[in-house]
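The next block holds one structure in the form of structure tokens; read it before the comments.
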Amino acid sequence: QRGDAKKGLATLCIGGGMGIAMCVERD
435 QRGDAKKGLA
445 TLCIGGGMGI
455 AMCVERD
């Protein structure tokens, strides 16, 4: 379960980073 949690956090970080980058590019 810990491994899955780490994967989930990594996914959130990557997804969040991409989302922020897209928002910044739009601005």
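Under this note's numbering, the letters of the sequence shown match residues 435 to 461, in that order.
We put the CB at the ideal spot given by N, CA and C, even for glycine.
Backbone CA spacing between residue i and residue j [nearest angstrom]
i: Gly-450; j: Glu-459; result: 14 Å
i: Ala-461; j: Ala-439; result: Just to set this straight, residue 461 is Asp in the shown sequence, not Ala. Straight-line Cα distance between these residues: approximately 33 Å.
i: Cys-447; j: Arg-436; result: 16 Å
i: Gly-442; j: Met-452; result: 15 Å
i: Ile-454; j: Thr-445; result: 14 Å
Residue interval of the alpha helix (DSSP H) (run including residue i)
i: Asp-438; result: 436-460
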